[in-house]
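Residue numbers (the working numbering): 405 to 975.
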């Protein structure tokens, strides 16, 4: 039987059914059942033969209608589960992003996007000439950053046994990081060893002792070396790590001085006999300078400040070329303790030179001397009415210069941030240097009347002169980018929050995930409290969202012929 016959038969049955219904009569049930079977057979046969009774345009809009029907059947519980799950996921992402930002200073999503997704989406070709010039400029800036991020030995470093270890016994905290102590071990091997140490049994033992990680093993090795002979470096190790008081450390350093002077005199006579003797003399010189400097620091800590100043001056005259120990910074601190400001100014005139590397001690001591001349009479209200005098302007400029060099110091001097024990190594212009300076010099600023008040009123004005400190400085080079990373290695971040400059803004993805988490949590709460009302709002929102798509589909249906839609659906 042809499909046309089925259509005529079905139409006839339908017409008969309508007429009988209109007249209030019912058709034969068997006839209706036959009609249904006939329509079913026709539908399946037409599907098998590729024919369709539904217009092509209806086929296009049917997915939209199906989606609308599906959304209309959703219950409020579904919306509560959806918004609650979204809030939970965005909250977990927010927590991870915040932890990653606090630990590494950058956004994880942003870092992954730049590192992995950007090349896939067509990153910049580094082989072009323009980009090669840019990369050369970045390399130059990186080399400058590396040179500026050099780690220096702290000139005022404390004694491990008498000071650092006592702090650990009292608080249970480790004031030194492994990275800092490892740098000290490298310094000791550089200063106190040479290639000819294997020729002398005591020096050979100490050469191994400086490489030991276990403090008790180092101390035992030092005692073993002293059983063989008076070894200056063995006394140094015991004074630094075993002595529990400054007086005991001073006693050991005096014994080290006797042994060190005899070794220095012997090597001085033989230094021109060969390269080996020259290296040995260099080592003995470093040992002698180190011992005398630490003895001067012991005198300073025990209150014999004038004696300490004399020892430091003699040491600087005897070994003027050994600037690596920065003994002038020890001298500046001792002179400030004596309030001998004229001598402080003389030392600054010698070392605050453009050709020498700056430090927070030099810059802030210069600012303190200029602030001392005007701070006792300085008043912000009077200065705003009459303007700054020449002396006040010089003091403010000196403070701005110091703050530009190290912007972390004022918060410690103004006691806006708590101090910790300074590390054994510092990073110039970093938080570690600020801690080391403020730890020893805060008392000197407090002693000058009005100095901290002047600093409090003027230090933040520095940042207006350098709005982009990482790109361009005012009196110094741009602020190094690497300081935060190095300071996190030098400082115990377990109980100290590293100061970061310039203060980093929260990444976009943290703000975005925070907003998304808050929004979805609010939706989940509202849907749980008012399910019917939120269901109406959700349906209205989704209907509005799909309205442009429905409008476009209707326009496309009205413009394109149905035959074209039919061909497209068949494809």
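Beta carbons: idealized from backbone N, C-alpha and C, even for Gly. Here the structure is a predicted model, which is why all the values come from computation and not from measurement.
Using the rule of at least 16 other Cβ atoms within 10 Å of the residue's Cβ for burial, across every protein chain shown, is residue i buried or exposed?
i: residue 481; result: exposed
i: residue 446; result: Below a pLDDT of 50, predicted positions are generally treated as unreliable, and residue 446, at 40, falls in that range; the measurement from the model is reported next regardless. Buried is the call here.
i: residue 955; result: exposed
i: residue 987; result: Because the chain spans 405 through 975 in this model, residue 987 falls outside it and cannot be assessed.
i: residue 844; result: buried
i: residue 799; result: buried
i: residue 907; result: exposed
i: residue 814; result: buried
i: residue 931; result: buried
i: residue 586; result: exposed
i: residue 751; result: buried
i: residue 584; result: buried
i: residue 959; result: exposed
i: residue 568; result: buried
i: residue 625; result: buried
i: residue 611; result: buried
i: residue 694; result: buried
Could you check the C-alpha separation between residue i and residue j for me, to the nearest Å?
i: residue 636; j: residue 716; result: 20 angstroms
i: residue 601; j: residue 649; result: 30 angstroms
i: residue 571; j: residue 613; result: 24 angstroms
i: residue 708; j: residue 754; result: 25 angstroms
i: residue 903; j: residue 888; result: 8 angstroms
i: residue 487; j: residue 953; result: 25 angstroms
i: residue 619; j: residue 640; result: 14 angstroms
i: residue 490; j: residue 484; result: 10 angstroms
i: residue 683; j: residue 559; result: 24 angstroms
i: residue 961; j: residue 947; result: 20 angstroms
i: residue 803; j: residue 797; result: 10 angstroms
i: residue 541; j: residue 588; result: The predicted position of residue 541 is uncertain, since its pLDDT is 47 and thus under 50; a value taken from the coordinates is nonetheless stated next. Residue 541 and residue 588: Cα-Cα distance of roughly 34 angstroms.
i: residue 942; j: residue 923; result: 14 angstroms
i: residue 688; j: residue 644; result: 18 angstroms
i: residue 723; j: residue 836; result: 28 angstroms
i: residue 917; j: residue 860; result: 38 angstroms
i: residue 745; j: residue 596; result: 36 angstroms
i: residue 697; j: residue 731; result: 7 angstroms
i: residue 951; j: residue 514; result: 35 angstroms
i: residue 512; j: residue 505; result: 7 angstroms
i: residue 679; j: residue 603; result: 15 angstroms
i: residue 856; j: residue 848; result: 10 angstroms
i: residue 890; j: residue 503; result: 19 angstroms
i: residue 727; j: residue 686; result: 14 angstroms
i: residue 629; j: residue 846; result: 41 angstroms
i: residue 592; j: residue 499; result: 43 angstroms
Look at the Cβ atom of residue i, then the Cβ atom of residue j, and state whether they are nearer than 9 angstroms.
i: residue 647; j: residue 565; result: yes
i: residue 921; j: residue 495; result: yes
i: residue 827; j: residue 736; result: no
i: residue 764; j: residue 852; result: no
i: residue 883; j: residue 842; result: no
i: residue 863; j: residue 807; result: yes
i: residue 733; j: residue 704; result: no
i: residue 870; j: residue 878; result: yes
i: residue 854; j: residue 780; result: yes
i: residue 892; j: residue 729; result: no
i: residue 738; j: residue 712; result: yes
i: residue 867; j: residue 811; result: yes
i: residue 938; j: residue 949; result: no
i: residue 770; j: residue 757; result: no
i: residue 809; j: residue 876; result: no
i: residue 656; j: residue 674; result: no
Thinking C-alpha only, which one of the options is nearest residue i?
i: residue 699; options: 933, 574, 562, 947; result: 562
i: residue 905; options: 874, 487, 917; result: 874
i: residue 634; options: 606, 617, 805, 652; result: 606
i: residue 719; options: 573, 585, 692; result: 692
i: residue 839; options: 742, 505, 825; result: 825
i: residue 581; options: 898, 812, 933, 865; result: 898
i: residue 501; options: 940, 934, 915; result: 915
i: residue 701; options: 745, 654, 690, 681; result: 654
i: residue 773; options: 789, 762, 743; result: 743
i: residue 668; options: 678, 651, 690; result: 690
i: residue 651; options: 706, 628, 611, 865; result: 706
i: residue 497; options: 935, 944, 919; result: 919
i: residue 617; options: 590, 629, 630, 598; result: 590
i: residue 818; options: 858, 929, 793, 656; result: 858
i: residue 822; options: 865, 901, 677; result: 901
Check whether the Cβ of residue i lies closer than 9 angstroms to any Cβ atom in chain D.
i: residue 958; result: Note that chain D does not occur in the displayed structure, where there is just one protein chain.
Would you call the region 553-571 and the region 821-832 touching, i.e. three or more CB-CB distances under 8 angstroms? yes
Evaluate contact between the region 658-669 and the region 567-585, counting only Cβ atoms and requiring at least three cross-stretch pairs below 8 angstroms. no
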